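*Asks:* Could you have a look at this structure, given as structure tokens, before my questions?
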Amino acid sequence: MPKRVELIITIALVLIIVLLVLFKTSISKSIGSVLLISMYIILIGFLIFLFVNFKKIFCKIQKKTVLILAIIIICSLIIKLFIFPQFLGVYMDEVMRIDAANNIALTDKAIICEPGFNKEFCEDIFVPIGWPFLMSLPIKIGFFSNSALIDYSIMIGVLNILLIFFLVRLIFKNENFALLAAFIFAFDKLNLAWSISGNDLNASIFFLLISTIAFFLFMKEQNLKSGLLFAFSFIFMIYIRTELLLIIIPFAAIFFAKRISFKQNFKIPILIILIFLIILLLFMPTLAQTQKNFRHGDMAEELSTKETFLLQSKDILYRLVDSTYYSIFYIIIFAVGIIGMYSKFKKELLFLLTWLILFFIVYNVSNIKFIHKYYLVMFIPLIIIISYGFRYIYNYKSDSLKKNNWKVIRQVCTALVIILICSNVLPAFQESQNNRILLAKLPHLLEKDIEECYLLSGEAILFSSITNIKAITASDFAAREGEIINSLRGQCLLFFDDFYCDRGKGCDYIKDNYNPQPYLEYKNTREKYIIYKLEI
Numbered sequence: 013m014p015k016r017v018e019l020i021i022t023i024a025l026v027l028i029i030v031l032l033v034l035f036k037t038s039i040s041k042s043i044g045s046v047l048l049i050s051m052y053i054i055l056i057g058f059l060i061f062l063f064v065n066f067k068k069i070f071c072k073i074q075k076k077t078v079l080i081l082a083i084i085i086i087c088s089l090i091i092k093l094f095i096f097p098q099f100l101g102v103y104m105d106e107v108m109r110i111d112a113a114n115n116i117a118l119t120d121k122a123i124i125c126e127p128g129f130n131k132e133f134c135e136d137i138f139v140p141i142g143w144p145f146l147m148s149l150p151i152k153i154g155f156f157s158n159s160a161l162i163d164y165s166i167m168i169g170v171l172n173i174l175l176i177f178f179l180v181r182l183i184f185k186n187e188n189f190a191l192l193a194a195f196i197f198a199f200d201k202l203n204l205a206w207s208i209s210g211n212d213l214n215a216s217i218f219f220l221l222i223s224t225i226a227f228f229l230f231m232k233e234q235n236l237k238s239g240l241l242f243a244f245s246f247i248f249m250i251y252i253r254t255e256l257l258l259i260i261i262p263f264a265a266i267f268f269a270k271r272i273s274f275k276q277n278f279k280i281p282i283l284i285i286l287i288f289l290i291i292l293l294l295f296m297p298t299l300a301q302t303q304k305n306f307r308h309g310d311m312a313e314e315l316s317t318k319e320t321f322l323l324q325s326k327d328i329l330y331r332l333v334d335s336t337y338y339s340i341f342y343i344i345i346f347a348v349g350i351i352g353m354y355s356k357f358k359k360e361l362l363f364l365l366t367w368l369i370l371f372f373i374v375y376n377v378s379n380i381k382f383i384h385k386y387y388l389v390m391f392i393p394l395i396i397i398i399s400y401g402f403r404y405i406y407n408y409k410s411d412s413l414k415k416n417n418w419k420v421i422r423q424v425c426t427a428l429v430i431i432l433i434c435s436n437v438l439p440a441f442q443e444s445q446n447n448r449i450l451l452a453k454l455p456h457l458l459e460k461d462i463e464e465c466y467l468l469s470g471e472a473i474l475f476s477s478i479t480n481i482k483a484i485t486a487s488d489f490a491a492r493e494g495e496i497i498n499s500l501r502g503q504c505l506l507f508f509d510d511f512y513c514d515r516g517k518g519c520d521y522i523k524d525n526y527n528p529q530p531y532l533e534y535k536n537t538r539e540k541y542i543i544y545k546l547e548i
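If you're matching positions, the sequence shown starts at 13 in my numbering and goes up one per residue.
See below:
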């Protein structure tokens with residue numbers, strides 16, 4: 013792309029964003045609406061510069077490599093779609109995001125709505141908008157229904173395998189090493205266990221990898237188009253997971269380690285920094301609101317930062333040793349990988365270890381429940397170093413070993429890699445059975461069984477977000493009891509006593525005054541849910 017065209021595009025994007033910042037009050041009084049507009053701009057900018065840089069990132073792959081990569085991806089997709097059960101990993105977290113995605117797609121408003129009787133109680137989105145926005149796009153064009161968004165998340169997860177390959181190839185310039193890293197990542201235990209849910213893990217990993225690829229491309233090419241790809245992908249990434257902003261620290265570490273100089277193109281980093289700052293002005297309101305929500309919400313643990321860090325650090329180290337996440341053999345290979353990288357790739361090793369250690373600290377200092385699903389963020393550099401460890405052993409040459417003996421060792425090493433990686437699948441499958449599989453299916457089962465009924469629930473959004481069930485929040489029923497009873501007299505009224513009912517949601521009032529009787533029962537070996545009928 014000619015430099016003049018690049019400059020014109022940059023100036024146009026900057027002007028658009030500046031106008032949004034200056035006139036956001038006149039555009040809308042809703043922070044959610046302003047953020048929604050900014051998301052479209054950031055997405056368009058990201059797609060433009062992904063297209064412009066496409067050949068630099070994704071070209072020149074050997075046919076044999078393409079075939080092997082395709083086999084890895086297809087096998088991973090089959091496992092995720094047909095073998096592992098889909099589930100709601102974090103009960104309300106995913107449901108709220110799906111509801112927000114549905115509202116964005118249908119009303120162009122970034123809101124979350126609790127269903128009441130003949131009305132909804134809506135508020136501006138108070139979770140990072142990135143993942144709901146992405147989920148809204150296929151709904152808007154009619155490609156996915158809001159009940160099939162877990163499949164959408166799985167598809168993004170499959171793309172992450174490709175991105176791991178291209179990232180490793182770009183950094184280390186070796187396709188075989190990149191293939192091995194993609195293979196290990198595709199069948200990683202933590203990746204398999206969590207990438208089949210509706211949470212934002214896959215999307216955050218996707219933009220984290222794209223941002224990292226764009227950053228290394230920017231250091232290599234030192235041109236505006238690669239810098240803008242990095243800027244837009246990075247901003248989109250932190251709209252999905254706020255804490256990923258800290259990846260800038262490993263980026264800075266390798267940037268200064270490599271002593272990158274922009275003496276001839278000093279205007280380029282200035283423009284990139286300018287765009288960063290302007291877009292971050294739009295990002296700050298949702299960042300502040302999200303942090304406030306997490307700090308004061310129900311998800312917070314009653315632990316000090318020091319206690320949380322010590323407990324969770326001890327927990328993850330124990331899980332590494334007892335093979336919950338990885339076998340002890342992997343840790344040995346990780347050590348070998350560090351030794352091998354230190355001799356040839358000191359600066360790249362610095363980048364990977366900074367990434368690993370930084371997010372180890374970040375996620376173990378955090379006092380948010382279910383944070384272990386995001387350990388995959390810090391396991392990405394771990395997987396790359398482990399892959400290099402296997403490669404280092406495979407390519408190691410020693411004069412003390414005869415050629416035939418070394419050939420046997422290579423074959424054994426290759427078989428061991430395949431066995432170890434594939435052995436992740438069964439434990440990950442067993443772990444997935446512990447999740448709320450039936451709960452994920454319950455709304456769709458109920459939609460068929462209670463078509464003509466109204467359903468009261470502590471968190472009715474679980475049903476309204478992904479089905480057409482006439483759900484009413486129990487607290488709304490308790491507050492407007494007379495009006496609702498008069499309107500529904502003679503009709504079917506059911507009650508679902510979910511495990512959010514003990515939080516002042518009006519469920520106790522219903523149980524004390526209406527004597528609910530069991531009506532429907534859904535159960536499997538681990539879960540049991542009862543739907544009660546109310547006499548009115």
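Glycine residues also receive a C-beta, built at the ideal position from the N, C-alpha and C atoms.
Remember, it's a predicted structure, so these values are computed and weren't measured experimentally.
1) Bridge partners for A483 per DSSP, in chain order?
2) Among all the DSSP beta bridges, which residues are the ones paired with D136?
3) Count the other C-beta atoms from every protein chain shown that fall within 10 angstroms of the C-beta of E463, then say buried if there are 16 or more, exposed otherwise.
4) Quick test of your reading: L74 and E187, contact by CB under 8 Å. State the CB separation rounded to the nearest angstrom.
5) Assuming contact is defined by CB atoms lying nearer than 8 Å, are L570 and I543 in contact in what I supplied?
6) For the alpha helix (DSSP H) holding E493, just list the boundary residues, first then last.
7) Which residues share a DSSP beta bridge with L532?
8) Buried or exposed: Y400, going by 16 or more other Cβ atoms within 10 Å of its Cβ?
9) So what's S209 in DSSP terms, helix, strand or just coil?
10) Quick one: any contact between the region 129-137 and the region 166-177, if contact means 3 or more CB pairs under 8 Å?
11) One question on the structure: do F341 and L192 come within less than 8 Å of each other, judged by their Cβ atoms?
12) So F178 packs on I60, CB below 8 Å; how close in whole Å?
13) What would DSSP say about F508, mapped onto helix, strand or coil?
14) To the nearest angstrom, how far is the alpha carbon of D105 from that of P530?
15) Buried or exposed: which applies to Y354, given that a residue is buried once 16 or more other Cβ atoms fall within 10 Å of its Cβ?
16) Just to confirm the assignment: which complete alpha helix (DSSP H) runs, minimum length 4, are found wholly within the region 184-255?
17) Where do the ends of the alpha helix (DSSP H) carrying K270 lie?
18) Can you grab the Cα-Cα spacing for the pair A215 / L55, in whole Å?
19) Please report the straight-line C-alpha distance between D524 and N480, rounded to a whole angstrom.
20) Within 10 angstroms of its Cβ, does R253 collect 16 or more other Cβ (buried), or is it exposed?
21) Would you give the residue range spanned by the alpha helix (DSSP H) that N130 belongs to?
22) Using CA atoms only, rank isn't needed, just tell me which of I396, F372, E471 is closest to K385.
23) Terminal residues of the continuous alpha helix (DSSP H) containing I403?
24) Below 8 Å, how does it come out for the region 161-169 and the region 201-213: are there three or more Cβ pairs, yes or no?
25) Going straight from the alpha carbon of L182 to that of I225, what length do you get?
26) With DSSP run on the structure shown, which of helix, strand or coil describes I548?
27) By Cβ distance below 7 Å, which residues in the same chain neighbour A194 in space, the five residues on each side in sequence not counted?
28) Would you call A264 buried or exposed, if buried means 16 or more other Cβ atoms sit within 10 Å of its Cβ?
29) Of all the options Y375, I369, Y404, which has the alpha carbon lying nearest to the alpha carbon of P393?
30) Output needed for W143: all residues of its chain with C-beta closer than 6 Å, excluding positions within five of it in sequence on either side, in chain order.
31) Excluding the 5 residues preceding and the 5 following A190 in the sequence, name in chain order all residues of the same chain whose CB lies nearer than 6 Å to its CB.
32) Give me the Cβ distance between D111 and I91, rounded to the nearest whole Å; I'm assuming they're in contact under 8 Å.
33) Kindly indicate which three-state DSSP category A117 falls into: helix, strand or coil?
34) What does the alpha-carbon distance come out to for the pair I266 and L457?
35) List in chain order: all unbroken alpha helix (DSSP H) runs of 4+ residues lying wholly within the region 41-99.
*Replies:* Here's the rundown:
1) Within the sequence shown, residue 483 is the residue found at index 471, counting from 1. The partner list for A483 (beta bridge, DSSP) reads L467.
2) What you label residue 136 is simply residue 124 of the sequence shown in a count that begins at 1. In the DSSP output, where bridge partners are listed per residue, D136 has I123.
3) For the purposes of this step, residue 463 is taken as residue 451 along the sequence shown, with counting starting at 1. The residue is exposed, with fewer than 16 neighbouring Cβ atoms inside 10 Å.
4) Mapped onto the sequence shown, residue 74 falls at position 62. Mapped onto the sequence shown, residue 187 falls at position 175. Checking the sequence, you will find Gln at residue 74 rather than Leu. Right, their Cβ atoms sit about 6 Å apart.
5) Residue 570 lies beyond the range of the chain shown here (13 to 548); nothing can be said about it.
6) Taking the first residue of the sequence shown as position 1, residue 493 is located at position 481. Going by DSSP, E493 is part of the alpha helix (DSSP H) stretching over 493-500.
7) Along the sequence shown, one-based indexing puts residue 532 at 520. According to the DSSP secondary-structure assignment, L532 is paired through a beta bridge with I543.
8) Start at 1 with the first residue of the sequence shown, and residue 400 comes out as number 388. By the 16-neighbour rule on beta-carbons within 10 angstroms, Y400 is buried.
9) Reading the sequence shown from its first residue, position 197 is the one you call residue 209. Of the three classes helix, strand and coil, the one that applies to S209 here is strand, per DSSP.
10) No, the region 129-137 is not in contact with the region 166-177.
11) Within the sequence shown, the letter at position 329 stands for residue 341. Within the sequence shown, the letter at position 180 stands for residue 192. No, the Cβ-Cβ distance between F341 and L192 is not below 8 Å.
12) Here residue 178 corresponds to residue number 166 of the sequence shown, with the count starting at 1. Here residue 60 corresponds to residue number 48 of the sequence shown, with the count starting at 1. Rounded, the Cβ-Cβ distance is 19 Å, inconsistent with contact.
13) One-based indexing of the sequence shown puts residue 508 at position 496. Under the three-state reduction of DSSP, F508 is assigned to strand.
14) As a working note, residue 105 is residue 93 in the sequence shown. As a working note, residue 530 is residue 518 in the sequence shown. Their Cα atoms are separated by approximately 28 Å.
15) Locating residue 354 in the sequence shown gives position 342, counting from the first residue. Note on Y354: under 16 other CB atoms within 10 angstroms of its CB, so exposed under the neighbour-count rule.
16) For the region 184-255, whole alpha helix (DSSP H) runs of length 4 or above, ordered along the chain, are 187-198, 201-206, 213-233, 236-252.
17) Numbered from its first residue, the sequence shown carries residue 270 at position 258. That residue, K270, is in no alpha helix (DSSP H); it is neither H nor E in DSSP.
18) The count along the sequence shown starts at 1 and reaches residue 215 at position 203. The count along the sequence shown starts at 1 and reaches residue 55 at position 43. Each residue's alpha carbon lies about 13 Å from the other.
19) Residue 524 sits at position 512 when you count from the first residue of the sequence shown. Residue 480 sits at position 468 when you count from the first residue of the sequence shown. One C-alpha to the other measures close to 28 Å.
20) Within the sequence shown, numbered from 1, the residue matching residue 253 stands at position 241. If you draw a 10 Å sphere on the C-beta of R253, you find 16 or more other C-beta atoms in it, and that means buried.
21) The sequence position of residue 130 within the sequence shown is 118, counting from 1. Premise fails: N130 is in no alpha helix (DSSP H) and is neither H nor E.
22) Residue mapping note: residue 385 aligns to position 373 of the sequence shown, counting from 1. Ranking I396, F372, E471 by CA distance to the CA of K385 puts F372 first.
23) Taking the first residue of the sequence shown as 1, we reach residue 403 at position 391. For the sequence presented, residue 403 should be read as Arg rather than Ile. Bounds of the alpha helix (DSSP H) holding R403 are 387-407.
24) Note that the region 161-169 touches the region 201-213; at least 3 beta-carbon pairs, one per stretch, sit closer than 8 Å.
25) Looking up residue 182 in the sequence shown gives position 170. Looking up residue 225 in the sequence shown gives position 213. Here the alpha carbons of I225 and L182 stand approximately 7 Å from one another.
26) Position 536 of the sequence shown, counted from the start, is the residue given in the question as residue 548. I548 sits in coil when the DSSP states are folded into three classes, being neither helix nor strand.
27) Mapped onto the sequence shown, residue 194 falls at position 182. Within the same chain, A194 has close Cβ partners L81, I84, I173, I176, F177.
28) Translated into positions along the sequence shown, residue 264 becomes position 252. With fewer than 16 Cβ atoms within 10 Å of its Cβ, A264 is classed as exposed.
29) Here the question's residue 393 lines up with position 381 in the sequence shown. Checking every option, the nearest Cα to that of P393 belongs to I369.
30) Here residue 143 corresponds to residue number 131 of the sequence shown, with the count starting at 1. R109, D212, A215, I252, listed in sequence order.
31) The sequence position of residue 190 within the sequence shown is 178, counting from 1. Exclusion of the five residues before and after A190 leaves F177, V180, R181 as the residues of its chain whose Cβ lies within less than 6 Å of its Cβ.
32) Position 99 of the sequence shown, counting from 1, holds the residue named residue 111. Position 79 of the sequence shown, counting from 1, holds the residue named residue 91. Rounded, the Cβ-Cβ distance is 29 Å, inconsistent with contact.
33) Looking up residue 117 in the sequence shown gives position 105. In the structure shown, A117 sits in a helix (DSSP, three-state: H, G or I).
34) As a first step, residue 266 is located in the sequence shown; it is residue number 254 there, counting from the start. As a first step, residue 457 is located in the sequence shown; it is residue number 445 there, counting from the start. The C-alpha of L457 is placed about 52 Å away from the C-alpha of I266.
35) Counting only runs of 4+ residues, the alpha helix (DSSP H) found wholly inside the region 41-99 occupies 43-64, 66-70, 75-90, in chain order.
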